[in-house]
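Participant: A single structure is presented below for examination.
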RNA sequence: GCCGGUGUAGCUCAGACUGGCUAGAGCGAAUCCUUCGUAAGGAUUAGGCCGGGGGUUCAAAUCCCCCCACCGGCUCCA
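Numbering (our numbering), first residue to last: 117 to 765.
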């Protein structure tokens, strides 16, 4: 923040978002720059970004070549600024209502904001009162004033705020002044930026209370964190709350329970899911889908045990690098470990034979169950577990063969994601600082991955330094039905494992060469992917996955016989007859509740004509359908793995 | 692991603050009545180590202590 006195009067060039340059006096504020661009923009300026960092409009620009963005009312960044101000209102409200509260920090987040307090003893029932006070503060429309204050004066003002003083001492190292923001009787040490007045905060809602360590470090005291969110108006807030309710409705733990898909029970231990028949039915379909893809692509299935002697884990490096996440135990005089990854087993299989360059690539596949001892508090439903299954594949290829193999894998991943109608982004993660392998081979591998991506006209981000220590990788992030992003499929090159296991093949030159290993997963893990699918479809699985594909509903007892005869016509499917003694309305309701894709209704009319009525979850219905016609359609739909029922579309 | 919350029938929940009859309700299930034409027809019955263990008390789902599990949070630097 301090400026070099000699450079105060020279000009610097700033770079605007459209790439153009603007010459301004060094030390001009963000607001000055905005006025240079146009007076209208200048007066609308709320805050700015300098080289990506959100700053107050009063922030001077000192660096030549700085990238400047202007934040105005209505911009995406404006929401972040406003939420920061909302956090201030929260702290002000709390200080009005409770005595001797220690303030910590209160930043905006992706979804809202929070403020951390110490010496504050409240529970969720107090949130209503605090929120009401915040609304009063917003209603009062206090001006939010920015003030530059010397460090010494700041020390005096913050005399009874221990955490703020701690922060102040750090900021004091960077300059001799700090900034305060105030509104009415309340003030806070804060870099900003903020909106002009509290009245600009449109709609706020306090959501929950949680605990957090001061500065996220568990050695520090624990504080009371209040989470809230703010929007420009009530309708945006309502939309956000609706989205949250939607996500809650789709919660795979709730739907998994309702549909009897899986359970995680006390007796069996945490993070160890049990799959019930309907859940395993879905998993088997998912398994057979990748199995088809793998076999078509020339993969060979292998199988390895769940546990190995730690000798193997020492050879692979897991013992050294991954031990904390492994289940390790003694058996007699030997030490064993549950496998956290499948690659060492596969490498060991490869190493058991000798190979010619003509044999490569070798492609091994396994639905391999692995065990990773995650922190207890991190476990959650199927999204974070101790035991999970990877649709794993390991390829042993010649360096010049990388490109065509990666291409093939990307085709397979595209096939998988498009089958579920999932859009995705691709990112290339390159060499991290700590890594193994020669420069030459890294360069070659990265350029091969790049050329694959370029050749496919794939748009991709480069994530520098984000690769695995053993090789670069391509990650796929896909988006579910309500816009959430998930990581799953991945292709990773590995120069480390072949080295550690001393893998080799004999080349054309009759010399030994080291193959490159490729790790790949199309789903990622079955558990994670299953979870995403449950939430993506909200349990309304497409016919090829649905545990019960068709339910036949006889209208009265008289039609039960015909219902079973129809059922026999659907032998190749998962079809049931609802022969309970209840009304048609009730049977239809039950079929909906059970999320069965198709209902076949049979009464006297159908029985006389020898046909059926077909209904789906969207309540569409067609009467007088020939049994063959529907059965052929359903067979096609299942064989093609269509992502939704289409008979009545 | 740490902080807060939660744990009662297959499911969703009441009862707990202020200890006291036999722990309730709805859904689901079973049985019976009804034989039904498009999202809940009626009746009856069964179903509970009130998460586990220990303690206080004449008496504990309820109060105290310990443990377990689940949910949320613990990265996003005034």
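Beta carbons: idealized from backbone N, C-alpha and C, even for Gly.
1) Taking DSSP as the reference, what is the three-state secondary structure of residue 223?
2) Would you call residue 365 buried or exposed, if buried means 16 or more other Cβ atoms sit within 10 Å of its Cβ?
3) If distances are taken between C-alpha atoms only, which option among 357, 705, 470 comes closest to residue 623?
4) Which ranges does the beta strand (DSSP E) cover as unbroken runs of at least 3 residues, wholly within the region 675-760, from first to last along the chain?
5) Alpha carbons only, please: which of 760, 141, 161 is nearest the one belonging to residue 150?
6) Once the 5 residues before and after residue 759 are set aside, which same chain residues still bring their CB inside 8 Å of it?
7) Keeping to the same chain, check which residues put their C-beta closer than 6 Å to that of residue 840; ignore five residues upstream and five downstream.
8) How long is the line joining the alpha carbons of residue 260 and residue 307, rounded to whole angstroms?
9) Given that a residue counts as buried once 16 or more other Cβ atoms are within 10 Å of its Cβ, and exposed if not, what is residue 208?
10) In chain order, which continuous runs of the alpha helix (DSSP H) of length 4 or greater are located wholly inside the region 274-302?
11) Going by the beta-carbon positions, is the gap between residue 518 and residue 544 smaller than 8 Å?
12) Taking the alpha-carbon of residue 650 as reference, which of 238, 198, 395 has the nearest alpha-carbon?
13) Hey, residue 327 and residue 338: beta-carbon distance below 8 Å or not?
14) Taking all protein chains shown into account, decide if residue 350 is buried (16 or more other Cβ within 10 angstroms of its Cβ) or exposed.
15) Do residue 219 and residue 233 have their C-beta atoms closer together than 8 Å?
16) Kindly indicate which residue of 285, 300, 299 has the alpha-carbon position closest to the one of residue 293.
17) For residue 456, I'd like the list of residues in its chain whose CB is within less than 7 Å of its CB, leaving aside the five on either flank, ordered along the chain.
18) Assign residue 400 to one of two classes, buried (16 or more other C-beta atoms within 10 Å of its C-beta) or exposed (fewer than that).
19) Quick one: residues in its chain with C-beta nearer than 8 Å to the C-beta of residue 708, no 5 flanking neighbours on either side, listed in chain order?
20) Measure the Cβ-Cβ separation of residue 314 and residue 253 and say whether it is below 8 Å.
21) Can you name, in chain order, every residue of its own chain whose Cβ lies under 7 Å from the Cβ of residue 591, other than the five neighbours on each side?
22) Return the chain-ordered list of same chain residues with a C-beta closer than 8 Å to the C-beta of residue 628, the five sequence neighbours on each side being excluded.
23) I'd like the list of long-range same chain contacts for residue 689, defined as Cβ closer than 6 Å, with 5 residues on each side in sequence excluded.
24) In this structure, how does DSSP classify residue 547 when only helix, strand and coil are distinguished?
25) Extract the residue ranges of the beta strand (DSSP E) inside the region 300-358, only unbroken runs of 3 or more that lie entirely within it.
26) Would you identify the three-state DSSP class for residue 232, choosing helix, strand or coil?
27) If we call anything under 8 Å between Cβ atoms a contact, is residue 363 one with residue 416?
Facilitator: So, from the data block:
1) Looking at residue 223 - three-state DSSP - the assignment turns out to be coil, as it is neither helix nor strand.
2) So residue 365 counts as exposed.
3) Cα-wise, what sits closest to residue 623 is 470.
4) With a minimum length of 3 residues, the continuous beta strand (DSSP E) runs that stay inside the region 675-760 are 691-693, 714-718, 728-732, 737-741.
5) Ranked by how close their Cα comes to the Cα of residue 150, the residues 760, 141, 161 have 161 in first place.
6) These residues qualify, in order along the chain: 535, 536, 537, 658.
7) Any property of residue 840 remains undetermined from this structure, which presents the chain solely from 117 to 765.
8) Rounded to whole angstroms, the gap between the alpha carbons of residue 260 and residue 307 is 13 Å.
9) It counts as buried.
10) Runs found: 278-288.
11) Here residue 518 is not near residue 544, since their CB atoms are 8 Å or more apart.
12) For the options 238, 198, 395, the alpha carbon positioned closest to that of residue 650 is the one of 395.
13) Contact flag set, yes.
14) With fewer than 16 Cβ atoms within 10 Å of its Cβ, residue 350 is classed as exposed.
15) In this structure, residue 219 lies near residue 233, with their beta-carbon atoms less than 8 Å apart.
16) Nearest neighbour of residue 293 by Cα position, chosen from 285, 300, 299, turns out to be 285.
17) 434, 438, 441, 442, 486, 487, 488.
18) With fewer than 16 other CB atoms across the displayed protein chains lying within 10 angstroms of its CB, residue 400 is exposed.
19) Excluding sequence positions up to five before and after residue 708, its CB lies within less than 8 Å of the CB of 733, all in the same chain and listed in chain order.
20) For residue 314 and residue 253, yes; Cβs fall inside 8 Å.
21) Here the set comprises 543, 545, 603, 606.
22) 620, 621, 622, listed in sequence order.
23) So the qualifying residues of the chain are 665, 666.
24) Coil.
25) Complete beta strand (DSSP E) runs here, min 3: 302-305, 319-329, 338-347.
26) The answer is strand: DSSP assigns residue 232 an E or B state.
27) No, Cβ-Cβ distance for residue 363 and residue 416 is not below 8 Å.
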